[in-house]
Amino acid sequence: MKQLKKYLALGLGIVMASSALVGCGSNSKELSGTNSNQTSTSKQDEKAKDVTIRLYIPFSSQEPANKPTQEIVNQFMEDNPNIKVELEVQTATQYHDKLKTEIASDTLANVFVSWGGSELVEAVKSGKVMDLTEMLEADPEFKDGFLSSALTATNVTYEDIPGLWGMPLSNVAAGFYYNKDLFEKAGVEPPTTWEEMYTVIEKLKAIDTIPISLGGKDGWRVEHLYSQIFYSWNGVGKSKDLANRTMKYTDEGATKPWEVLLKIKDMGGFGPDPASVDFGMEQNLFKTGKAAMNFSLSAFVETFSGADSEIKDVVGFFAAPTFADKPEFTGSIFAGGDCALNVAANQSPEELEASYKLVKALTGKEGQSIYLNSNALLMTRKDLELDPNKVNPLMIEFSTYLEVAKECETDVTNPDPVSAMLNKIRSVATAVINGQLTPEQAGKELDDEIRKNEE
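Every number in my numbering is 78 more than the matching position in the sequence shown, counting from 1.
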């Protein structure tokens, strides 16, 4: 922390805050011209074949990463006039559905975003995704700029499959954004335990405020909160027990988080009808001051505290609460390696070369500096060029949150070998909030999905 404070004083806080993240079957092909120290001839550039590649991303217009991605891609095409990038954007829910379909049909975009883990494992095992180890090793300057933890995170590696199956694009942390004015009006402080959270919810309701905005219509929003409550109750390590089948989703440790979610729902903590609220509405409720809290990702710092937000001057952050009788899991949080860029194996040599170049443009020093100065993503590199006048203080808070975390993981299904589990838990999450499934029924649905896929 002393070193962090030293750099903050110099106006370069995010350099150290990003560095704080350190705490928490090969399908390679020959590369050419990928080393930044190599000099390509102008004649080769002039004769480069025209090539079109598709980039598939989940950064919709609602997400802060949308504009910087477009900026980086446009600059990339200007610098590489023979390469045309077709940018395809989907919202998160639709993104996962289409990605699953494209994996099955082997029609993956040349470059696409994934979160690794169970969603991508079958594509990796079946040779549909490139091992990027050789690409990385070919350019020491590019490689050395990454945080060491980013290159070993579970979104780009697998314990039992050697290789680098994606290039780290971002880290992530999730916690509670809150409206300081509404908290003061209700006479409450940020809760440190879930038991205190129930009291805070009642007091916020008393001032006619939605305590927590939640887009129950989009299963990933519910699943993220479920995952955090799971870690607060069980610790992060239990997600691996679910993955190795020493723990079932019908066990008390896995049904308890559903019970907590339903308790908050039943007491009006998510407003009158969270099942009818989508992600965009969820964000709107919070940033217009109609809701007092929002459990969300570091990626939305600018959404809530940027110039366009009605609550920009009163938004704060607090860590996910723990359970009073589970103090040993304080610091067990939803965080870690987030988005990675993957390269499809099913493409021509020219397309592959263009894809590698695009990956480096998005994950290299220049591209990552653009993302960070846009307050869009928690970065995976330590060599960034920053504008201290643009970096949001909340990004520093999220980075420090990661620094002091005891253990972290993103989605609870991330270690699972069954690729269908991420989509399944999100559909189950929507059904729970809709009142269609009890916690026990939710657990049974998930255990049945595992059995179905492992028969």
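We put the beta carbon where it would ideally sit given N, CA and C, even for glycine.
Beta carbon of residue i nearer than 9 Å to that of residue j
i, j, result
"Thr232", "Thr488", "yes"
"Gln361", "Phe378", "yes"
"Thr556", "Asp296", "Nothing in the structure corresponds to residue 556, since the chain is present only between 79 and 533."
"Asn492", "Met245", "no"
"Asn453", "Lys443", "no"
"Ala432", "Gln153", "no"
"Ala397", "Gly253", "yes"
"Ile290", "Gly384", "no"
"Val207", "Leu247", "no"
"Gly241", "Leu210", "yes"
"Trp298", "Lys404", "no"
"Ala321", "Ser505", "no"
"Ile135", "Ala143", "yes"
"Ala234", "Gly194", "For clarity, residue 234 is Val in the given sequence; the question names Ala instead. Yes, they are a contact pair."
"Asp128", "Asn160", "yes"
"Glu65", "Thr328", "As displayed, the chain neither begins before 79 nor continues past 533, which places residue 65 out of reach and without an answer."
Sequence-distant residues of the same chain with beta carbon closer than 8 Å to residue i, five excluded per side
i, result
"Asp465", "Asn451"
"Ile448", "Pro146, Glu149 and Ile150"
"Thr271", "Pro399, Thr400, Phe401 and Ala402"
"Met325", "Lys316, Asp319, Gly331 and Ala332"
"Ser354", "Gly294 and Lys295"
"Glu156", "none"
"Gln425", "Ile131, Asn188 and Ser433"
"Ser387", "Lys365, Thr381 and Val393"
"Ile285", "Leu260, Lys263 and Ala264"
Identified DSSP bridge partners for residue i
i, result
"Asn424", "The partner list for Asn424 (beta bridge, DSSP) is empty, contrary to what the question assumes."
"Val162", "First, the residue type needs correcting, since residue 162 is Lys and not Val in the sequence shown. Note: Lys162 sits in a beta bridge opposite Thr130."
"Ile411", "Cys486"
"Arg459", "Phe224"
"Gly253", "Ser374"
"Ser192", "Ala418"
"Val314", "Paired residues: none, contrary to the question."
"Phe476", "Phe476 pairs with nothing; no bridge assigned."
"Thr328", "Answer is none; Thr328 lacks a bridge partner."
"Phe396", "Phe254"
Residue i versus residue j: straight-line alpha-carbon distance, rounded
i, j, result
"Leu229", "Lys221", "9 Å"
"Leu430", "Gln140", "30 Å"
"Asp526", "Gln514", "17 Å"
"Leu282", "Phe364", "13 Å"
"Val437", "Ala413", "23 Å"
"Val510", "Gly294", "9 Å"
"Ala418", "Leu214", "14 Å"
"Thr539", "Gly445", "The structure shown has nothing for residue 539, since the chain only spans 79 to 533."
"Ser305", "Phe137", "22 Å"
"Arg132", "Leu165", "6 Å"
"Pro427", "Glu301", "39 Å"
"Phe224", "Thr458", "6 Å"
"Ala264", "Gly415", "36 Å"
"Trp243", "Phe308", "27 Å"
"Leu456", "Ser227", "13 Å"
"Glu380", "Asn470", "7 Å"
"Glu267", "Glu280", "13 Å"
"Gly521", "Thr287", "32 Å"
"Ala216", "Lys435", "13 Å"
"Pro352", "Thr179", "29 Å"
"Glu523", "Asn158", "49 Å"
Chain C contact for residue i (CB, 9 Å cutoff)
i, result
"Gly521", "Chain labels in this structure do not include chain C; a single protein chain is all it has."
Residues of its chain near residue i, where Cβ-Cβ distance is below 7 Å and the 5 sequence neighbours each way are ignored
i, result
"Val199", "Tyr236, Pro495 and Ser497"
"Gly358", "Gln140"
"Ile389", "Asn257, Lys365, Gly367 and Phe382"
"Lys84", "Confidence at Lys84 is low in this model, with a pLDDT of 32, below 50, so its placement is unreliable and the value that follows should be read with caution. There are no such residues."
"Pro269", "Met275, Val278 and Pro399"
"Leu472", "Val379, Ser383 and Phe395"
Contacts around residue i, its chain only, beta-carbon distance under 6 Å, and the 5 residues preceding and following it disregarded
i, result
"Lys162", "Thr130"
"Asp21", "Absent from the model: residue 21. The displayed extent of the chain is 79 to 533, so no value can be given."
"Ala251", "Ser376, Ala413, Phe476, Tyr479 and Leu480"
"Leu303", "Phe373"
"Gly394", "Tyr256 and Lys258"
"Arg529", "none"
"Ala422", "Leu186 and Asn188"
"Glu485", "Val314 and Ser410"
"Leu462", "Gln446, Ser447 and Leu450"
"Thr30", "This structure leaves residue 30 out entirely; the chain is present only between 79 and 533."
"Ile181", "Ala201"
"Asn115", "Below a pLDDT of 50, predicted positions are generally treated as unreliable, and Asn115, at 40, falls in that range; the measurement from the model is reported next regardless. Here the set comprises nothing."
I want to know whether the stretch 340-353 touches the stretch 312-329 - three or more CB-CB distances under 8 Å. In short, these stretches do not touch, since the Cβ pair count stays below three.
Contact the stretch 174-185 vs the stretch 494-501: 3+ CB pairs below 8 Å: Touching, yes.
Decide if the stretch 209-220 is in contact with the stretch 326-341; the criterion is three or more beta carbon pairs, one per stretch, under 8 Å apart. The stretch 209-220 vs the stretch 326-341: no contact.
Mind the definition here: the stretch 272-281 touches the stretch 472-491 only if three or more C-beta pairs lie below 8 Å; say whether that holds. They do not touch, by the three-pair rule.
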